[in-house]
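Below you'll find the structure, written out as structure tokens, and then a few comments.
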Amino acid sequence: MARAGSALGGAGWVLIGTAVGGGAGYLLSAFSGPALGASTYAVFAVFWSALYLWVSGASGIQQEVTRSAHRSDSPGGDATRRSSRLAIGFAATAAATVAVLVLGSSPVWSPSVFGADWTSLIWPLSFGVASYVIVTVVAGILYGLQLWRPIAAMVIVDGVLRLVLAGASMLISGDVVVVAWAVVIPFLMAPLLVWPFAARGVRRRFELDVDASRLIGNSLRTVIGAASTGVLISGFPLLLGATTGGADATEFAPLVFAINLTRAPIVVVVLALQSYLVVRFKTSARNAFRDAARLVGIVAVFSGMAAGVAWIWGEQLMLVAFGPEFALPGFILAGVIGSSAAIGALCVTGPLVLARNRHSLFTAGWVVAAVATVGLLLLPLPLVERAILALWFGPIAGLLVQTIGLSARRRWAPPPGR
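Reading the sequence shown from the start, the letters are residues 1 to 418 in full-length UniProt numbering.
As structure tokens, this is what we get:
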């Protein structure tokens, strides 16, 4: 019961970290469009999307490490030493593997995605993704130990550093490659700066409930699911551009800007709570379905309210804040914002499924959502119509898979007691 209470109190720290770190990221997103202009922003938005598509996949490692890490009953014992060696070796191997994968695959996809700058942009991309893998292992252990203050500190340091470095590079240079390096450097700096203050509570105090082969196997499944999450969220502009082919920057840039900016207040918060929700649903298994239903309801209400505001005043607000280059009609903004309810609900059922140790169902839901999204983007429709259909019905398809799977299992088997 103590652990459950601790997890419940952790939401406050996670939300504080999200408010500051996520708020810094939101300011950077809002600033980047006007600072770079439509043509440069179109390239930057695709780099950002590609980066966070890879990062989203890597975040699956954090979810599995969070699930498997727990406080040791024998600090400093053999089990903690084995777990520490496993965590360090796994982090180093995974980071190196991801870096090689990004660089090795880049000639196949990056020229069509990044254009003439692909050879320059692929290096910050690979560095950023490899650095983030290290973040996932450190953060996963912190979540498993329920060390909420260091978690919040890492999120804040990462977001604020990125705002300062990337914002300054936009003002001083405006070169997309310089900005790209400024975006990825904070990934590695955040754990390096926070670790000296967190090390005492972590070193030889945790155990992993899996061996190396299980950690790798479970992580691969959660990575596939998390990568599918990235397709629906961070990677959506990348896919939209890839399925449009030679999109006009004056049409593409404002739509992508709106997708990145207007969904963030809801989607970023729910995403930031993923590891916390795994802990919460795991430690309070008997109330997990009720808590998940309440969270889905809250997400739906806030999404509906925000969509209503966007329908009435959205175009005027965008016009005043960002100028005519990035303004869109209110009904389009409402459609984009309203889709936050669908992806937000899937971001609640995902941790619920994972907390119940159902990795295959977790992966299936997100993969179905990603496949449905890509299929909808390939429809022979105008840009805006395709985008809004995919934003809505891709996540709904995955939500149906996970909800049906959970309902069937719940009908025939009692939930695990803790």
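Positions of the beta carbon are idealized from the N, C-alpha and C atoms, including for glycine. All of these numbers come straight from a predicted model, not from anything done at the bench.
Report task. Using 10 angstroms around the beta-carbon of M305, count the other beta-carbons present and answer buried if the total reaches 16, otherwise exposed. Result -> exposed
Query raised in the report: How many whole angstroms separate the CB atoms of L277 and P395, which I take to be in contact at a CB cut-off of 8 Å?
Result: At roughly 17 Å, the Cβ-Cβ gap does not stay under 8 Å, so L277 and P395 are not in contact.
Report task. May I ask which residues mark the beginning and end of the alpha helix (DSSP H) holding F90? Result -> 78–114
**Report entry** Endpoints, alpha helix (DSSP H) assigned at L192
**Finding:** 176–202
Query raised in the report: Nearest to V157 by CA position, among V135, G167, V194, is which residue?
Result: V194
Query - Identity of the residues DSSP links to E207 by a beta bridge - result: H70
Query raised in the report: Taking C-alpha atoms, which residue in S120, R204, A355 lies nearest to V279?
Result: A355
Query raised in the report: Among the residues of its own chain, which have a CB less than 7 Å from the CB of A408, if the five just before and after it don't count?
Result: none
Query raised in the report: If we call anything under 8 Å between Cβ atoms a contact, is V137 one with I61?
Result: yes
**Report entry** Proximal residues to L339 (C-beta, below 6 Å), its chain only, five neighbours per side dropped
**Finding:** A small correction: the amino acid at residue 339 is Ser; Leu does not occupy that position in the sequence shown. So the qualifying residues of the chain are L391, W392.
Query raised in the report: Does the separation of the CB atoms of S228 and V367 fall below 8 Å?
Result: yes
Query raised in the report: Are the CB atoms of V353 and Q316 nearer to each other than 8 Å?
Result: no
Query raised in the report: Under the three-state reduction of DSSP, which class applies to G365: helix, strand or coil?
Result: helix
Query raised in the report: Nearest-angstrom Cα distance between E207 and R214?
Result: 14 Å
Query raised in the report: Going by the beta-carbon positions, is the gap between F197 and P150 smaller than 8 Å?
Result: yes
Query raised in the report: What residues in its chain sit with their C-beta under 8 Å from that of A345, if we drop five residues either side in the sequence?
Result: V296, V299, A300, P395, L399
Requested in this report: Put A2 into one of helix, strand or coil per three-state DSSP.
Outcome: Low confidence applies to A2: its pLDDT is 41, below 50, so where it sits in the model is not reliable, and the reading given next is rough at best. A2 falls in the helix class under three-state DSSP.
Query raised in the report: Taking the continuous alpha helix (DSSP H) assigned at D158, which residues delimit it?
Result: 148–172
Query raised in the report: When you compare only the Cα positions, how much space is there between V384 and V46?
Result: 17 Å
Requested in this report: Confirm, please, whether the CB-CB distance from A182 to V135 is below 8 Å.
Outcome: no
Query raised in the report: Any contact of the segment 34–43 with the segment 283–293, i.e. 3+ C-beta pairs under 8 Å?
Result: no
Requested in this report: Could you round the C-beta distance between Y52 and S234 to whole angstroms and report it? I think they count as a contact, below 8 Å.
Outcome: 3 Å
**Report entry** Beta-carbon spacing of V202, I141 below 8 Å
**Finding:** yes
Requested in this report: Tell me whether the beta-carbon of N260 lies closer than 8 Å to the beta-carbon of S29.
Outcome: yes
Report task. Assess, as a yes-or-no matter, whether the segment 125–135 is touched by the segment 100–114 under the definition of 3 or more beta carbon pairs within less than 8 Å. Result -> yes
Requested in this report: Under 6 Å Cβ to Cβ from W118, same chain only, skipping five residues before and after it: list those, please.
Outcome: S110, P111
Query raised in the report: Just reading off the alpha helix (DSSP H) that V223 is part of, what are its end residues?
Result: 212–232
Report task. Assign L192 to buried or exposed, taking buried as 16 or more other Cβ atoms, counted over all protein chains shown, within 10 Å of its Cβ. Result -> exposed
Query raised in the report: Relative to the alpha-carbon of A95, which residue among I216, L389, R162, R81 has its alpha-carbon at the smallest distance?
Result: I216
Query raised in the report: To which residues of the same chain is A264 closer than 7 Å at the C-beta, ignoring the five residues directly before and after it?
Result: Y26, S29
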